[in-house]
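Trainee: Below: one structure in structure tokens.
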Amino acid sequence: MKPLWTCPKCGQTFVTAKVWHSCVNVPVEAHFAGKQPSLRETFDKLVALAERNGPVTLRPVKTRIALQANTRFASVTVRKNDLHCHVVLDHGKARPPVRKVDKLNNNYVHVFILAAPADADSRVAGLLKEAYAVDRKRHGARAA
Ligand SMILES: [Zn+2]
209 MKPLWTCPKC
219 GQTFVTAKVW
229 HSCVNVPVEA
239 HFAGKQPSLR
249 ETFDKLVALA
259 ERNGPVTLRP
269 VKTRIALQAN
279 TRFASVTVRK
289 NDLHCHVVLD
299 HGKARPPVRK
309 VDKLNNNYVH
319 VFILAAPADA
329 DSRVAGLLKE
339 AYAVDRKRHG
349 ARAA
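Below, the structure is given as structure tokens:
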């Protein structure tokens, strides 16, 4: 397996060298500034569910916070009253709580919304587990 490429400017890592990205990092705290504390709790619960599967690096950029194994397998955009989330899977079969699926090359972006910690449930854990497994299948186990 090839090691990840590290951007010399911002330190973010990618499977593909010199891939386009924004070098602007916006701290996780800034995404939650002025928001209800329950949204941060919901986010932390989602991250904990993702970490059951292996190492996860948070990549907060301007509009979203990505969860990265080798690739960014999940993403969260903090909105006023909820979290707009997605996972990247290798098929387009949606199951609850997924609301829609966008196809991007060989990736299927499964979108779901979380509004409270209780929403980050076993169904969400299952989606994260599957997305993490797709990343591992394509790129191998990530070093911690
Ligand atoms: Zn960069």
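In the numbering used here, each residue's number is its place in the sequence shown (first place is 1) plus 208. For glycine and all other residues, C-beta sits at the position ideal for the given N, C-alpha and C.
Which residue comes first and which comes last in the alpha helix (DSSP H) that contains L212?
Mentor: Where L212 is concerned, there is no enclosing alpha helix (DSSP H), given that its DSSP letter is neither H nor E.
Trainee: I'd like the list of long-range same chain contacts for D290, defined as Cβ closer than 7 Å, with 5 residues on each side in sequence excluded.
Mentor: I321, L322 and A323
Trainee: Identify, in the order they occur along the chain, each residue of the same chain with its Cβ nearer than 8 Å to the Cβ of Q276, setting aside the five sequence neighbours on each side.
Mentor: The beta carbon of Q276 lies closer than 8 Å to those of T221, V264, T265, L266 and R267 in the same chain, with the five residues before and after it left out.
Trainee: For the region 280 to 290 against the region 248 to 260, are there 3 or more C-beta pairs whose distance is under 8 Å?
Mentor: yes
Trainee: Go ahead and pull the three-state DSSP assignment for T285.
Mentor: Of the three classes helix, strand and coil, the one that applies to T285 here is strand, per DSSP.
Trainee: What span of residues does the alpha helix (DSSP H) with R350 cover, start to end?
Mentor: Run containing R350: none; DSSP gives neither H nor E here.
Trainee: Give me the Cα-Cα distance between L336 and V295, rounded to the nearest whole angstrom.
Mentor: 7 Å
Trainee: What are the start and end residues of the beta strand (DSSP E) that includes T265?
Mentor: T265 to P268
Trainee: With a CB to CB cut of under 8 Å and the five nearest residues on each side skipped, what residues in its chain are close to R307?
Mentor: V319, F320 and I321
Trainee: What's the call for D329, buried or exposed, on a 16-neighbour Cβ count within 10 Å?
Mentor: exposed
Trainee: With 16 as the cutoff for other CB atoms within 10 Å, does R303 come out buried or exposed?
Mentor: So R303 ends up on the exposed side.
Trainee: Quick check: does the Cβ of Q220 come within less than 6 Å of any heavy atom belonging to ligand 1?
Mentor: yes
Trainee: Where W213 and P305 are concerned, what is the direct C-alpha to C-alpha distance, given to the nearest angstrom?
Mentor: 34 Å
Trainee: What would DSSP say about V317, mapped onto helix, strand or coil?
Mentor: strand
Trainee: With burial defined as no fewer than 16 other Cβ atoms inside 10 Å of the residue's Cβ, what is the status of A339: buried or exposed?
Mentor: buried
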